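Residues in the first sequence are numbered from 701 upward in steps of one, following our numbering. Yeah, the Cβ is synthetic: ideal placement off N, Cα and C, and Gly gets one too. The structure presented is a predicted model; accordingly, all values stated were derived computationally and were not measured.
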Amino acid sequence: MVKTRIAPAPTGALHIGSARTALFNYLFAKKNSGSFVLRIEDTDKERSKPEFERDIIENLEWLGLKWDEFYKQSKRREIYKKYLKQILDEGKAFWCDCAPEKGKPFFCQKHKKTMNNKQQTKNNCIIRFNMPKNKEIIFKDIIRNNVKFNTNDIGDFSIAKNLDSPLYNFAVVVDDYEMKITHIIRGEDGISNTPKQILLYDALSFEKPEFAHIPLILDTDKSKLSKRKNAVAIGDYKEQGYLREALINFLALLGWHPKDEKEIFSLEDLIKEFSLERVKKGGAIFNLQKLNDINRQYISKMRIKDLCELLKSQITINKQIGKNINFQNIVEIERGRMNKLSDFWELSDYYFKDKLEYEKELLIWGKMSKNDLKKSLENSYNILNGISEKDWNLENIKNILMDKTGKINNRGELLWPLRVSLSGKKFSASPFEISWALGKEMTLKRINEAIDKV
RNA sequence: GUCGCCAUCGUCUAGUCUGGCCUAGGACACUAGGUUUUCAUCCUAGAAACACGGGUUCGAAUCCCGUUGGCGAUACCA
């Protein structure tokens, strides 16, 4: 059975890149009716923090990438210890206290001679893998085909600080074997660890999984995506009001592409369509404009009730909603203008104000005189006042207003001042929509206030 | 430096394995026009790419070699 895993280190919040790797692992597992494992790689006692672990778990859950099994490396020390002892006993690893030169593969001359010494002799000793010299390591990568390394370029790499503190490469190999992981799908930056891990599989007589290295997500300067230029934490995007569906959809399209030209995919669709064969090799720059576009599409297609709930869940940090305001109507009107949920509060602030503040010049359309303007506003007032509360709906308001303006050469002379009187803004939704959402009373009040200004 | 990976519009990408249907397709962004009282939406159109050089072949974006460029790894981090 296919089994994949995502193995984040809790040394930072859930990163866009990890989320995308998690997604690909999840999709591949589910596509093949397999299972997906979440393993927290907290072997680094100093840098691992519980709050990051919480963030990773919460945001993976939020994205909807449900795992079937959960592990923490810090709870598995006895398992690593057993295997560490084993390869030490077999002479495939050794204790060493050398300080190797940087940037060069290191082969220990000194300690291999004393390899029969199975005990840690000094405190600052670590355990190194006894690397064979000049051996070709070739592995097949599902995405990249054959990748070749020579052990001379690697050296006696470290596998543990001591029996209780395994290092990354060792812990990963033991876990992937013990957890019966069949496919290791990870970022391209893991390629250079692969030969080390393959040697470890062989040294421990473990059966090897398949490897697939997916392209990296790049910053606008083409380096690995980092905190400096963009928000990289999934939590940040969630807070700004990106929808999980949009984020998933966008992430899937970074490095993967379906057979046809379809672009909008639910998680279920993705499971059906996904294949590692269609993952491309080159890195992909994170393009916020594309994310915005996809997010906008999801927002405009969402069920209005759900969208209102989501928006209201953010309201504590924003404003109070007056009881006379029809919140759902406002959402209906403004949803097409939002890229992300947080945009809503800027777009819609004028609905919630008791009194609008704006320059009276803004009310003027074209070359209207003061008198024209006053007449126009009074005209609007009378027209709208003639609509009963019962008939106060968007269609009616629009039809009646348009019917009246049809007789005027320049519609703007009626509609522009009306719109500004209702919104106080240069750009906003139409006067029909605003009137509808505001209700008759508030609409008439705002027109009156505009007339008073003139 | 060394080792490895990669290379199609500004960006995400289709096409590459299985050479001809590619005068290189789509999307985002951009520009122009249309719809609209404004903004947004929507519609139409446009500009925009096979990194370079050699081969192989009747024919190369596609196969091979080289060059250049980019990225990654070179930890007692993961």
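Close Cβ partners of residue i (< 6 Å) along its chain, the five nearest in sequence each way excluded
{"i": "PRO800", "result": "PHE806"}
{"i": "MET701", "result": "GLY734"}
{"i": "ARG705", "result": "VAL737, ARG739, ILE881"}
{"i": "GLU973", "result": "PRO958"}
{"i": "PHE965", "result": "ASN949"}
{"i": "SER975", "result": "none"}
{"i": "GLY983", "result": "PRO915, LEU916, LEU918"}
{"i": "SER774", "result": "ASP742"}
{"i": "PHE906", "result": "TYR877"}
{"i": "ALA903", "result": "ILE787, LYS792"}
Cα-Cα separation between residue i and residue j, rounded to whole angstroms
{"i": "ALA933", "j": "GLU741", "result": "18 Å"}
{"i": "ALA946", "j": "MET1038", "result": "13 Å"}
{"i": "VAL872", "j": "LEU714", "result": "19 Å"}
{"i": "ALA860", "j": "LYS792", "result": "13 Å"}
{"i": "ILE1017", "j": "GLU1034", "result": "Confidence is the limiting factor: at ILE1017 the pLDDT is only 46, short of 50, which leaves the residue's position unreliable, though a coordinate-based value still follows. One C-alpha to the other measures close to 19 Å."}
{"i": "PRO909", "j": "TYR783", "result": "18 Å"}
{"i": "PRO708", "j": "GLN809", "result": "35 Å"}
{"i": "GLU836", "j": "LEU788", "result": "23 Å"}
{"i": "SER1121", "j": "GLU1095", "result": "20 Å"}
{"i": "TYR901", "j": "THR894", "result": "10 Å"}
{"i": "LYS1107", "j": "LYS929", "result": "54 Å"}
{"i": "PHE857", "j": "ASN830", "result": "8 Å"}
{"i": "ILE756", "j": "ILE885", "result": "18 Å"}
{"i": "LEU1041", "j": "SER1000", "result": "11 Å"}
{"i": "LEU1007", "j": "ASN995", "result": "13 Å"}
{"i": "SER1128", "j": "ASN725", "result": "44 Å"}
{"i": "TYR1050", "j": "PHE1132", "result": "15 Å"}
{"i": "GLN897", "j": "PHE870", "result": "7 Å"}
{"i": "ARG754", "j": "GLN989", "result": "29 Å"}
{"i": "LYS962", "j": "LEU991", "result": "16 Å"}
{"i": "ARG1146", "j": "ASN1110", "result": "23 Å"}
{"i": "LEU760", "j": "ASP876", "result": "20 Å"}
{"i": "LYS1055", "j": "GLY1124", "result": "10 Å"}
{"i": "ASP1103", "j": "PRO1117", "result": "17 Å"}
{"i": "ALA952", "j": "GLU1089", "result": "49 Å"}
{"i": "ASP936", "j": "GLU751", "result": "15 Å"}
{"i": "SER1135", "j": "GLU968", "result": "41 Å"}
{"i": "GLU746", "j": "ASP864", "result": "14 Å"}
{"i": "GLU1046", "j": "LYS922", "result": "33 Å"}
Option nearest residue i by Cα separation, candidates the options
{"i": "ASN1148", "options": "ILE1087, SER1076, PHE1127, LEU1101", "result": "SER1076"}
{"i": "LEU970", "options": "LYS981, GLN989, PHE950, THR1105", "result": "PHE950"}
{"i": "LEU763", "options": "ARG944, CYS808, GLU1133", "result": "ARG944"}
{"i": "GLY890", "options": "ASN852, SER926, ARG844", "result": "ARG844"}
{"i": "THR743", "options": "LYS781, ARG720, MET879", "result": "LYS781"}
{"i": "GLU1141", "options": "ASN869, LEU899, GLY1086", "result": "GLY1086"}
{"i": "LEU1101", "options": "ASN1093, ILE1083, ASP1091, GLY1112", "result": "ILE1083"}
{"i": "PHE849", "options": "MET1002, GLU758, SER892", "result": "SER892"}
{"i": "GLY855", "options": "GLU888, VAL1031, LYS812, ASP1152", "result": "LYS812"}
{"i": "LYS766", "options": "ASP993, ALA729, MET1068, LYS1053", "result": "ALA729"}
{"i": "ASN1079", "options": "LEU1144, SER1130, GLU1046, GLU1057", "result": "LEU1144"}
{"i": "ASN852", "options": "LYS833, HIS913, ASN862, GLU907", "result": "LYS833"}
{"i": "ASN846", "options": "PRO866, PHE906, ARG828, ALA912", "result": "ALA912"}
{"i": "LEU723", "options": "ASP1091, LYS1067, GLY887, LEU867", "result": "GLY887"}
{"i": "GLU1057", "options": "TYR937, LEU1114, ILE1097, LYS1126", "result": "LYS1126"}
{"i": "ASP960", "options": "GLU746, GLN786, ARG978, GLU1009", "result": "ARG978"}
{"i": "ARG720", "options": "PHE1044, TRP956, ASN732", "result": "TRP956"}
Residues bridged to residue i (per DSSP)
{"i": "HIS913", "result": "ARG886"}
{"i": "LEU738", "result": "ILE706, PHE770"}
{"i": "GLU836", "result": "ASN850"}
{"i": "LYS924", "result": "LEU918"}
{"i": "ASP841", "result": "ASN845, PHE911"}
{"i": "ILE985", "result": "LEU918"}
{"i": "HIS715", "result": "ALA933"}
{"i": "ARG828", "result": "PHE794, SER858"}
{"i": "VAL979", "result": "TRP956"}
{"i": "PHE806", "result": "GLY855"}
Residues near residue i in its chain [Cβ-Cβ closer than 8 Å; skip 5 each side]
{"i": "LYS749", "result": "PRO710, THR711"}
{"i": "VAL1154", "result": "LYS1060, LEU1063, LYS1070, LEU1073, LYS1074, LEU1077"}
{"i": "MET879", "result": "LYS703, ARG705, VAL737, ARG739, GLU769, TYR771"}
{"i": "ASN824", "result": "ASP797"}
Chain-order list of residues whose beta-carbon lies under 7 Å from that of residue i (same chain, five-residue window excluded)
{"i": "LEU925", "result": "ILE716, GLY717, ILE917, LEU918, ASP919, VAL932, PHE986"}
{"i": "GLY1036", "result": "SER1000"}
{"i": "TYR998", "result": "LEU943, GLU945, ALA946"}
{"i": "ASP1152", "result": "none"}
Worksheet item: At what residue ranges does the segment 856–907 contain a whole run of the alpha helix (DSSP H), taking only runs of 4 or more?
Response: 868–878, 894–903
Worksheet entry | Whole alpha helix (DSSP H) elements within the segment 1043–1086, 4-residue minimum | 1043–1047, 1049–1052, 1070–1085
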